[in-house]
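So the structure is just underneath, and the comments pick up after that.
In this note's numbering, the protein residues as written are 1 to 79.
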């Protein structure tokens, strides 16, 4: 899978990161976030609401993660 190759880890690692079944180094998560064209931003809780995208919602994030998991499952089944 191209995402795994670009991020430098296996499909199994990607599946585990996306499912939340294991903890990973920050560098692994940053690599995945970068390859997905996203930015990880850490801000104080007091201002977190002010920096959230008005167009992003939890359901959109869940859908993206679920789509990636579904693709991994499909790729694994094709082997």
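Glycine included, C-beta positions come from ideal geometry on N, C-alpha and C.
Small disclaimer: the values here were computed from a predicted structure and weren't measured.
What does the alpha-carbon distance come out to for the pair residue 15 and residue 26?
Distance between the alpha carbons of residue 15 and residue 26: 16 Å.
Is residue 73 helix, strand or coil by DSSP?
helix
Alpha carbon of residue 69 to alpha carbon of residue 19, nearest angstrom:
7 Å
Please confirm whether residue 31 and residue 8 have their CB atoms less than 8 Å apart.
yes
Helix or strand or just coil, what does DSSP make of residue 96?
Nothing can be reported for residue 96, as the shown portion of the chain is limited to 1 through 79.
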